[in-house]
DNA sequence: GCGACAG
DNA sequence: ATCTTGTCGC
């Protein structure tokens, strides 16, 4: 059907390695340079995270990537980096690259993949249906992911709406190939979650993240809903975009772009930020989360979170 | 010191 | 999200 959703999962971590490997000896780049080459300078922190991780291939010249100030950081790792840069003819002084402009490499021959992903999100937003399915949901599923380095452990926990009992649970495990980047959460968590989502009539999926409360109105709940064609609701623990009308209230509308896009459900200090994902109205999204709310978190989400943590701990015991 | 954008 | 000891509170 829609070919744009069946493309292979993006290996952004591999692309970051590729980009860093393009920096010639004797030159340096900044984390922001690589992020910009990949299509979004906002991803510079993620680039830094990936290049600092212990799991990276040893041949990747991570020492050639520095802060925008030219600084290389402090500590034992920086000592080694300074040594390698010195061997390559880079002048350092007080832990900072001298003449950064002259030694700077930014001509990366690589696809700005994040630009393409933003376009895909725009497409998801256009396809998202913010009206209720005719059928009233009888089961509420919760989806969550936990991590151990680049190992992802996902879980789904399905609650019967009448009895409140958990009637089905499954888990999955896979390697992560996309770092956490705000507004691109889908590309990190969809791969581990995909196999847990079934198109079962009467089941609505609560996702740990936002629906339309997203800069492009395409948060992970919207994305999963449209891509896998299931009803979804976003329920996040903190806000990404939008403004809460009354933070003090137990329940308050959240405005985005001049309209009410979501709702805050507060329970003491904790709050759930709810927004529709797909095939669900804001009204129903709030009703579902509200009735399942347990200490500030919808029960199926809490259970999925616990389950994902359990399998992760078992795997690393 | 300011900004601080889900997990 | 994860890293982590003790600490605060019900």
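Residue numbers (our numbering): 217 to 533. Note that CB positions come from ideal geometry on N, CA and C, so glycine has one too. Since we're looking at a predicted model, the values are computed, not measured.
Residue i, enclosing alpha helix (DSSP H) - first and last residue
i, result
"residue 372", "Not the alpha helix (DSSP H): residue 372 falls in the beta strand (DSSP E), residues 367-376."
"residue 224", "Note, residue 224: premise wrong, no alpha helix (DSSP H); not H, not E."
"residue 359", "That residue, residue 359, is in no alpha helix (DSSP H); its beta strand (DSSP E) goes 355-364."
"residue 399", "Careful: residue 399 lies outside any alpha helix (DSSP H) and carries neither H nor E."
"residue 532", "It is not in any alpha helix (DSSP H) - residue 532 carries neither H nor E in the DSSP assignment."
"residue 297", "292-303"
"residue 434", "Taken as a continuous stretch (DSSP letters only), residue 434 belongs to no alpha helix (DSSP H), as it is neither H nor E."
"residue 497", "Residue 497 -> no alpha helix (DSSP H), and no H or E assigned at all."
"residue 268", "260-268"
"residue 199", "The chain is shown only over 217 to 533; residue 199 falls outside these bounds and no answer can be derived."
"residue 334", "329-343"
Of the listed residues the options, nearest to residue i (C-alpha basis)
i, options, result
"residue 323", "311, 389, 248", "248"
"residue 422", "343, 502, 391", "502"
"residue 318", "467, 242, 331, 525", "242"
"residue 314", "371, 410, 286, 257", "286"
"residue 380", "499, 497, 357", "357"
"residue 229", "223, 254, 239, 499", "254"
"residue 403", "329, 467, 465", "329"
"residue 514", "224, 309, 359", "359"
"residue 284", "272, 270, 252, 293", "252"
"residue 235", "250, 316, 224, 467", "250"
"residue 432", "466, 340, 420", "340"
"residue 270", "258, 293, 424, 507", "293"
"residue 290", "325, 311, 304", "311"
"residue 486", "465, 374, 497", "465"
"residue 468", "418, 506, 420", "506"
"residue 504", "374, 351, 420", "420"
Residue(s) in a DSSP beta bridge with residue i
i, result
"residue 478", "470"
"residue 491", "450"
"residue 282", "246"
"residue 287", "312"
"residue 513", "510"
"residue 483", "486"
"residue 502", "None, per the DSSP bridge assignment."
"residue 459", "471"
"residue 320", "244"
Whole-Å CB distance - residue i paired with residue j, under 8 Å assumed
i, j, result
"residue 377", "residue 407", "Not quite, the Cβ-Cβ distance comes to about 29 Å (not below 8 Å), so this is no contact."
"residue 276", "residue 237", "6 Å"
"residue 306", "residue 244", "6 Å"
"residue 382", "residue 511", "Actually they do not touch by this definition, with Cβ atoms about 16 Å apart."
"residue 280", "residue 239", "4 Å"
"residue 171", "residue 528", "With the chain covering only 217 through 533, there is no way to say anything about residue 171."
"residue 387", "residue 524", "7 Å"
"residue 509", "residue 488", "7 Å"
"residue 470", "residue 517", "With 8 Å as the limit, residue 470 and residue 517 do not qualify as a contact, their Cβ atoms being about 18 Å apart."
"residue 288", "residue 297", "5 Å"
"residue 191", "residue 456", "Lying before the first or after the last residue shown, residue 191 is absent from the chain, which here runs from 217 to 533."
"residue 447", "residue 349", "5 Å"
"residue 372", "residue 412", "4 Å"
"residue 233", "residue 273", "6 Å"
Beta strand (DSSP E) segment containing residue i, residue limits
i, result
"residue 386", "382-391"
"residue 451", "448-452"
"residue 422", "419-423"
At least three beta-carbon pairs within less than 8 Å, the region 485-493 to the region 436-445: The region 485-493 vs the region 436-445: in contact.
Could you tell me whether the region 262-271 touches the region 356-364, where touching means 3 or more Cβ pairs closer than 8 Å? no
Taking three-plus beta-carbon pairs below 8 Å as touching, is the region 477-492 in contact with the region 441-456? yes
Does the region 392-405 come close enough to the region 459-473 that 3 or more CB-CB pairs lie under 8 Å? When C-beta atoms of the region 459-473 are compared with those of the region 392-405, fewer than three pairs fall below 8 Å, so the two segments do not count as touching.
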